[in-house]
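Residues in the sequence shown are numbered from 0 upward in steps of one, following numbering that gives the first Met the number 0.
Backbone N, C-alpha and C define an ideal beta-carbon position, used for all residues, glycine too.
Predicted model only: the values in this text are computed from it and were never measured.
Here the structure comes first, spelled out in structure tokens, and everything after it is commentary.
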Amino acid sequence: MSRRSGEPGVAFVTYDRPLLDAAKRVGLPVASPGMA
0 MSRRSGEPGV AFVTYDRPLL DAAKRVGLPV ASPGMA
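Okay, here's the thing in structure tokens:
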């Protein structure tokens, strides 16, 4: 997530299943367009 614009990050975006699962476990909002 990038915060350079000064706005808070909206979602953690990944197409890697282990990263997606880990982000969900710690409560991050996630996005994985095209993944079920």
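### Length of the line joining the Cα atoms of Y14 and A21
12 Å
### Task
Quickly, what does DSSP pair V9 with across the bridge? List them, please.
None, per the DSSP bridge assignment.
### Query
How many Å lie between S31 and V25 at the Cα?
Spanning the two alpha carbons is a distance of roughly 16 Å.
### Message
Along the chain, where does the alpha helix (DSSP H) containing L19 start, and where does it finish?
### Response
Its alpha helix (DSSP H) spans residues 16 to 24.
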